[in-house]
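Enquirer:
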Amino acid sequence: MQGNDTSAHQQPGQAAANAKTPHTAAATTAVPSRPQRGHRVKAAESIMQTLRADIASGVLSPGARLPTERELAAHFGVSQPTVREAVRGLEAIGLIESRHGSGVYVNASRQDFVSHSLQTLLQMQQAHILDVFDVRRALGMHSVRRACEAITAADIEAMEAALRQATEATDPYAIADGLLDFQITFSAAAGNALLTAMESVLIRILLQIQNMAYADKDDAWQREYAAELVEHRHDVLRALRAGEHQAVEQAWARYFDAQHERFRRDPVLSHVTLDDRQAIEAVRDIAISLGPRLSS
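In terms of my numbering, the sequence shown opens at residue 86 and continues consecutively.
1. I'd like the span of the beta strand (DSSP E) that includes Glu182, first residue to last.
2. Using 8 angstroms for Cβ pairs, my map puts Ile140 next to Val191. What's the rounded Cβ distance?
3. Short of 7 angstroms in beta carbon distance, which residues of its chain neighbour Leu314, apart from the five on each side in sequence? Order them along the chain.
4. Is there at least one non-hydrogen atom of the ligand SAM closer than 6 angstroms to the beta-carbon of Ala223?
5. Any contact of the stretch 233 to 246 with the stretch 301 to 309, i.e. 3+ C-beta pairs under 8 angstroms?
6. Applying the 10 Å Cβ sphere with the 16-neighbour rule, what's the burial state of Ser285?
7. Leaving aside the five residues before and after Leu280 along the sequence, list all residues of the same chain whose C-beta is less than 8 angstroms from its C-beta, in chain order.
8. Smallest Cα separation from Asp262: which of Asn296, Arg184, Gly276?
9. Apart from the five residues on each side of it in sequence, which residues of its chain come closer than 6 angstroms, Cβ to Cβ, to Asp320?
10. Which word fits His185, buried or exposed, when buried means at least 16 other C-beta atoms lie within 10 angstroms of its C-beta?
11. For Ile260 and Thr252, what's the separation of their Cα atoms in angstroms?
12. For the stretch 265 to 315, list the alpha helix (DSSP H) runs that are entirely contained and at least 4 residues long, ordered along the chain.
13. Please classify His356 as buried or exposed, where buried requires at least 16 neighbouring CB atoms within 10 angstroms.
14. Looking at the strands, I want to know which residues DSSP matches up with Glu190.
15. Return the first residue and the last residue of the alpha helix (DSSP H) that Ser142 is part of.
16. Could you check the C-alpha separation between Thr270 and Leu291 for me, to the nearest Å?
17. Is DSSP giving Thr252 helix, strand or coil here?
18. How far does the alpha helix (DSSP H) with Ser355 in it extend, from its first residue to its last?
19. If contacts are defined as beta-carbon pairs under 8 angstroms, then Leu207 and Leu359 qualify, I think. What distance do you get, rounded to the angstrom?
20. Figure out for me which residue from Gln268, Ala312, Ala282 has the closest Cα to the Cα of Leu246.
21. How long is the line joining the alpha carbons of Gln210 and Ile178, rounded to whole angstroms?
22. Measure the C-alpha to C-alpha separation of Tyr310 and Gly143 and round it to an integer number of angstroms.
23. Would you grab the beta carbon distance between Ala171 and Gln165 for me? Rounded to a whole angstrom, and I think it's under 8 angstroms.
24. From this set, His160, Glu156, Leu151, Ile214, which residue's C-alpha is nearest Thr183's C-alpha?
25. Whole angstroms are fine: how far does the CA of Gln250 sit from the CA of Tyr299?
26. If you drop the 5 nearest sequence neighbours on each side, which residues of the same chain put their C-beta closer than 8 angstroms to that of Asp351?
Next comes the structure, spelled out in structure tokens:
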């Protein structure tokens, strides 16, 4: 949020220079706003609110490097520990990331922020895994209908490549990656970035929880389950190539019905809530796998 004081647009590097600190080039360092006065809030919280608003509004764009801790302290008129507290808070919710030896940057992936926020909400609500699945199904069927209307030949080619990876792979993780890419590519074809971001998080949560629950299954069971999922994706692709959109919707509906029943009957999955210690550990792994791509 920007104040009316023109000093809000002063380069942090200039302020730091006046304080006999190293100058950071304006061309490579983003310029944050200053907090609005009059609100009795903790200094670190005020800085967090200001930087969060700047990121949301685009004043601090994705990938932009923030000024150094010392420069931010001079810019906001606070101590470096206060700035450090604010930066850690923003990093915890996925808005910024620290790169060792390089600095602090605005997170280039908006999906990471959605992921952190949604994971936290689900854990605080002690969401049952079947509730998570119900939301995944509702969003998934909506994106299926939208994707059928907007899907391109390039989207279908990308889905074919993902399915080829899942079909040819022997490593369970490579198979899972191919199936995951298939689903996310299809969701992205709907053309709604927020919908895809939310679906991506839910898909990954369900995938990680399944990995936890099925870790002790033997190789034959794992292969049979993977083959079942791959065959479903082939059904979807055949219907897409033929332009049979109703058949695509029916294929996804059958898949969701089968998965829901599998979750309901499984002695482990049927009792999982996202405040369970093991579930939290599994969900935490999602942050590692998100990477630059979009995020069952």
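A virtual CB, placed ideally from N, CA and C, is assigned to each residue, including glycine.
Expert: For this structure:
1. In the sequence shown, counting from the first residue as 1, residue 182 sits at position 97. 181 to 184 is the span of the beta strand (DSSP E), which, as asked, contains Glu182.
2. One-based indexing of the sequence shown puts residue 140 at position 55. One-based indexing of the sequence shown puts residue 191 at position 106. Confirmed, about 6 angstroms.
3. To locate residue 314, count along the sequence shown from 1; it is residue 229. Counting only Cβ-Cβ distances below 7 angstroms, and skipping sequence neighbours, we find Leu264.
4. Within the structure as shown, the ligand SAM is missing, as the structure has no ligands at all.
5. no
6. The sequence position of residue 285 within the sequence shown is 200, counting from 1. Burial call: buried.
7. Counted from its first residue, the sequence shown places residue 280 at position 195. Excluding sequence neighbours, Leu280 sits near Leu224, His227, Ser228, Arg231, Ser272.
8. Residue numbering aside, residue 262 sits at position 177 when the sequence shown is read from its first letter. Checking every option, the nearest Cα to that of Asp262 belongs to Asn296.
9. Here the question's residue 320 lines up with position 235 in the sequence shown. Excluding positions up to five away in sequence, the list reads Ala336.
10. Translated into positions along the sequence shown, residue 185 becomes position 100. Label assigned to His185: exposed.
11. Here the question's residue 260 lines up with position 175 in the sequence shown. Here the question's residue 252 lines up with position 167 in the sequence shown. Their Cα atoms are separated by approximately 7 angstroms.
12. 278 to 298
13. Here residue 356 corresponds to residue number 271 of the sequence shown, with the count starting at 1. His356 comes out exposed.
14. Stepping through the sequence shown from its first residue, residue 190 is reached at position 105. A small fix is needed here, since residue 190 is Tyr in this sequence, not Glu. Answer is Arg150, Glu182, bridged to Tyr190.
15. In the sequence shown, counting from the first residue as 1, residue 142 sits at position 57. Note, Ser142: alpha helix (DSSP H), 128 to 142.
16. Sequence index remark: in the sequence shown, residue 270 carries index 185 (1-based). Sequence index remark: in the sequence shown, residue 291 carries index 206 (1-based). Cα to Cα, Thr270 sits roughly 17 angstroms from Leu291.
17. Counting from one through the sequence shown, the residue named residue 252 turns up at place 167. It is helical.
18. For the purposes of this step, residue 355 is taken as residue 270 along the sequence shown, with counting starting at 1. Annotation for Ser355: no alpha helix (DSSP H) segment contains it, and DSSP assigns it neither H nor E.
19. Locating residue 207 in the sequence shown gives position 122, counting from the first residue. Locating residue 359 in the sequence shown gives position 274, counting from the first residue. Rounded, the Cβ-Cβ distance is 5 angstroms, consistent with contact.
20. Reading the sequence shown from its first residue, position 161 is the one you call residue 246. Residue 246 is actually Ala in this sequence, not Leu. The option with the nearest alpha carbon to Ala246 is Gln268.
21. Numbered from 1 along the sequence shown, position 125 holds the residue referred to as residue 210. Numbered from 1 along the sequence shown, position 93 holds the residue referred to as residue 178. So the alpha carbons of these two residues sit roughly 17 angstroms apart.
22. The residue given as residue 310 occupies position 225 in the sequence shown. The residue given as residue 143 occupies position 58 in the sequence shown. Taking the straight line joining both Cα atoms gives about 44 angstroms.
23. By one-based count along the sequence shown, residue 171 stands at place 86. By one-based count along the sequence shown, residue 165 stands at place 80. 11 angstroms between Cβ atoms; not a contact.
24. Along the sequence shown, read from residue 1 onward, the residue named residue 183 stands at position 98. Reading off the sequence, residue 183 comes out as Ser, not Thr. When only C-alpha atoms are compared, the closest one is Leu151.
25. Here residue 299 is taken as the residue at index 214 of the sequence shown, counted from 1. Here residue 250 is taken as the residue at index 165 of the sequence shown, counted from 1. Approximately 21 angstroms between the Cα atoms of the pair.
26. Counted from its first residue, the sequence shown places residue 351 at position 266. So the qualifying residues of the chain are Ala298.
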